[in-house]
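Only one structure is covered here, and it is reproduced in the block below.
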Amino acid sequence: MLKEDGFIEHINAENFDDIALEVFKKQYRENDIYRAYVDALSIDMGAVDSILKIPFLPISFFKTHQVICGDTLPGLYFESSGTTSEVNSKHYIKDAAVYEQSLLKGFEQFYGSPGDYVILALLPSYLERRNASLVHMAEQLMKKSGHAANGFYLNEWDKLSQTILELEAAGQKTILLGVTFALLDFAEQFPMKLRNIIVMETGGMKGRKTEMTREEVHGFLKQQWQLENIQSEYGMTELLSQAYAKAAGVFYPTCSMKLFIRDVNDPLEVNPGGVGGINVIDLANIHSCSFIATEDIGKLEKDGSFKVLGRMDHSALRGCSLMTA
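Right, dumping it as structure tokens:
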């Protein structure tokens, strides 16, 4: 029986599949939207004995329905960005502690303790609206970091540049977390030589610049800041876990995630590798839906690493969407 309290701390490679199958049963029982979707596919619940047989809910349901377990709608939710003509996704969060456990455990898996870093967040447009999951992510990392130099920035580039130079001179490990268009604008005006700064782009062009590939974006940022690598974070409103790429846009999921590839012509055909639509199991979504068919196209390797290659042609542009690799 699945024990929900603190379960994120106990997820590992050996028990992931068993936990995922328990979460699937729970969400079929408790999530009306997901149960209706599974029933519409005429899925035999008794035959779902492998995570490859679990149905993945199209991510667009978060725009049109309240995807949540149970009947009580919580006050906390994350909302996607978008144009005024678009319907934004809403992800209702019943237990913020589960999100925070997943975020911190995943961060520590790749970077160690947040307390070792100063966290600088260059997030214009996200700071200017409520309920952005990216802002909440940065807030939690800053809280755990506890460093006096932590901070959010809109367009105070002179101040940000001065802070970075001071941290660089002090040899302080720092993460500059930024949306892509803002990092490009900042780097264009403030070239620097950085050695102790991790630059982590989160996607997000927002129509502010000519479309660029991730390789082009990273090449420009590396040139301006004399860095060997630009790092990346893969996340979205509908997922409470993240994946990180330390180099070359190659992402590795955190321990609460597992990815699959679905056939672009037959979305019910799911494979443990190859090229196609990205499906994600995110166990941190225990109170909403953990089985999400995204609108991203990717290439998944046998070791679980993946690259994001673009977006489905039919899908609406998303503010947090990652650039074509």
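The sequence shown: position 242 = 244 (the numbering used here), numbered continuously.
Ideal Cβ positions, reconstructed from N, Cα and C, are used throughout, including at glycine.
Just so you know, these numbers come straight off a predicted model, no measurement behind them.
Counting only the Cα atoms, S82 lies some 22 Å from M214. With the rule of 3 Cβ pairs closer than 8 Å, the stretch 139-153 does not count as touching the stretch 276-290.
The straight-line gap separating the alpha-carbon atoms of Y246 and D97 is approximately 24 Å. With 16 or more neighbouring CB atoms inside 10 Å of its own CB, M259 falls in the buried class.
Judged by DSSP in its simplified three-state form, F63 adopts helix. Straight across, the Cα-Cα distance linking I21 with Q226 is about 45 Å. Sequence-distant partners of F26 (beyond 5 residues in either direction) whose C-beta falls short of 6 Å from its own C-beta, in its chain, are I56.
Beyond the five residues adjoining it in sequence on each side, L196 comes within less than 8 Å, by CB distance, of I166, E170, W227, Q228 and L229 in the same chain, given in chain order. With 16 or more other CB atoms across the displayed protein chains lying within 10 angstroms of its CB, D284 is buried. Within the same chain, and ignoring the five residues on either side of Q233 in sequence, the residues whose Cβ sits closer than 8 Å to its Cβ are I200, V201, M202, E203, Y246, A247, K248 and A249. Per DSSP, the continuous alpha helix (DSSP H) segment holding S135 begins and ends at S135 to S147.
A contact between stretches requires three or more CB pairs, one per stretch, nearer than 8 Å, and the stretch 68-83 fails this requirement with the stretch 104-114.
With a minimum length of 4 residues, the unbroken runs of alpha helix (DSSP H) contained wholly in the stretch 77-120 fall at 98-113.
Straight across, the Cα-Cα distance linking C257 with I45 is about 28 Å.
By the neighbour-count criterion, in which 16 or more other beta carbons inside 10 Å mark a residue as buried, P76 falls on the exposed side.
Annotation: N33 to T74 spans about 11 Å, alpha carbon to alpha carbon.
By the neighbour-count criterion, in which 16 or more other beta carbons inside 10 Å mark a residue as buried, E240 falls on the buried side. The three-state reading of DSSP puts K175 in coil, since its state is none of H, G, I, E or B. F63 and V120 have their C-alpha atoms roughly 37 Å apart. Straight-line measurement puts the Cα of S163 at about 31 Å from the Cα of K309. A Cβ-Cβ distance of about 6 Å is found for the pair E297 and I61, placing them in contact under the 8 Å criterion. Judged by their CB atoms, L261 and L185 are not nearer to each other than the 8 Å cut-off.
In the three-state reduction of the DSSP assignment, R197 falls in the coil class, being assigned neither a helical nor a strand state.
The C-beta distance from L59 to F293 rounds to 6 Å, short enough to fall under 8 Å. Rounded to whole angstroms, the separation of the alpha carbons of L223 and Q103 is 31 Å.
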